[in-house]
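Residue numbers (my numbering): 5 to 190. Below you'll find the structure, written out as structure tokens, and then a few comments.
Okay, structure coming up:
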């Protein structure tokens, strides 16, 4: 719209207010918090888990190895383990872990087991072998261990017969004690 003719309008230049004065003042910036990137946290957690897994694997291996290793710590222990594996469990592979690798003289013990197996087959009985205290005596190249074997047979849960035999076993220390010979004595 135009002012009427003949009127005088005074023109005062308008002053412009800078925009920063018209807008409310900006809030003060919040203090900057230290940032921990997610990547760093995940890396630390993954590293700790990897160390725990590696440590657990090592501990597991050591415990497994100790639990499954044959106990050949003493002459009487190895004879006991050998008799249990060979005559009671009749496990040739396990028994071999307690015997000498070569040059053994265990034919008498093998013959005893064959006799037990024949008796079971021929008379339809169950034959069990047990032994008493194991006594060790040092000799020239190792030790000899003596014990008394008790051989009993039963059928239908009733004892049929029982006998006792004195046995002597030769053991040597070859990366742990091993049974290298066995024979009936007396």
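Quick reminder that beta carbons are idealized off the backbone N, C-alpha and C, glycines included.
Once DSSP output is grouped into helix, strand and coil, what is the label at residue i?
i: residue 153; result: strand
i: residue 144; result: coil
i: residue 130; result: strand
i: residue 71; result: helix
i: residue 61; result: helix
i: residue 50; result: helix
i: residue 32; result: coil
Going by beta-carbon coordinates alone, are residue i and residue j separated by less than 8 Å?
i: residue 146; j: residue 175; result: yes
i: residue 97; j: residue 133; result: no
i: residue 185; j: residue 87; result: no
i: residue 106; j: residue 188; result: no
i: residue 167; j: residue 158; result: no
i: residue 139; j: residue 171; result: no
Look at the alpha carbon of residue i and the alpha carbon of residue j, and state the distance between them as a whole number of angstroms.
i: residue 179; j: residue 82; result: 12 Å
i: residue 80; j: residue 141; result: 10 Å
i: residue 89; j: residue 44; result: 56 Å
i: residue 101; j: residue 108; result: 13 Å
i: residue 153; j: residue 135; result: 4 Å
i: residue 169; j: residue 149; result: 14 Å
i: residue 77; j: residue 41; result: 56 Å
i: residue 49; j: residue 62; result: 20 Å
i: residue 118; j: residue 53; result: 55 Å
i: residue 75; j: residue 85; result: 8 Å
Since residue i is in the beta strand (DSSP E), which residue starts that stretch and which ends it?
i: residue 184; result: 181-189
i: residue 164; result: 162-177
Could you please give the first and the last residue of the uninterrupted alpha helix (DSSP H) stretch that includes residue i?
i: residue 110; result: Run containing residue 110: none; DSSP gives neither H nor E here.
i: residue 87; result: 79-87
i: residue 96; result: 96-100
Would you call the stretch 58-73 in contact with the stretch 121-139, where contact means no fewer than 3 C-beta pairs closer than 8 Å? no
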